[in-house]
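Working notes, beginning with the structure itself.
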Amino acid sequence: MARHVPLYRALLELLRAIASCTSMVPLLLPLTGENGEEEEEQLESQASVGTLLAKMKTCVDTYTNRLRSKKDKSKPGVKSETSDQEPEGLTLLVPDIQRTAEIVYAATTSLRQANQERKLAESSKKAAMKPKPLSVLRSLEEKYVAVMKKLQF
């Protein structure tokens, strides 16, 4: 992994750029099915860039915590040679992954919230456009005439 740090950094920069462009944020979400309306649980379980970054961030956080605990366990006066041999590029990649994961999470979360608000607005418009019952629309005479027309031969 240490050999490919420049490639990883370039990919993370690309992901941050995609997350900053609102029209491209849907590319970071999992693909939806044919009906377009999938449950949140299914969306979260599918593979997407956001879930991959979240897993990478968790892995990186674990890695940095282990490094810190190893440094704390080693003698304070003596420098260990293993810490000097630690790949420099890999340590530069850690904050990149963390920052990218946060940016992508924020972008996808705001997009999902906007989609939910849009769906709620559409459903409320549909509910408002439904025909109202006879009792609301018509006077007593109009109701009588409507019922009698149906009964006419």
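All residue numbers for the sequence shown refer to UniProt numbering, where the first residue is 1 and numbers rise by one.
C-beta atoms are modelled at their ideal positions from N, C-alpha and C, and glycine is treated no differently.
{"Check": "Pairwise C-alpha distance: A121 and S69", "Outcome": "51 angstroms"}
{"Check": "With 16 other Cβ atoms within 10 Å as the buried cut-off, status of A107", "Outcome": "buried"}
{"Check": "Three or more C-beta pairs below 8 angstroms linking the stretch 100 to 118 and the stretch 10 to 21", "Outcome": "yes"}
{"Check": "Endpoints, alpha helix (DSSP H) assigned at S20", "Outcome": "5 to 20"}
{"Check": "Inter-residue spacing [alpha-carbon to alpha-carbon] between A19 and K71", "Outcome": "35 angstroms"}
{"Check": "For S23, three-class secondary structure by DSSP", "Outcome": "coil"}
{"Check": "With 16 other Cβ atoms within 10 Å as the buried cut-off, status of V104", "Outcome": "buried"}
{"Check": "Rounded straight-line distance, which links the Cα of L67 to that of Q85", "Outcome": "Unreliable positioning characterises Q85 in this predicted model, as indicated by a pLDDT of 45, which lies under 50. The coordinate reading is nonetheless provided below. For Q85 and L67, the distance between alpha carbons rounds to 13 angstroms."}
{"Check": "For residue 160, three-class secondary structure by DSSP", "Outcome": "With the chain covering 1 to 153 only, the question about residue 160 has no answer from this structure."}
{"Check": "Neighbour-count burial assignment, L53, 16 or more Cβ in a 10 Å radius", "Outcome": "buried"}
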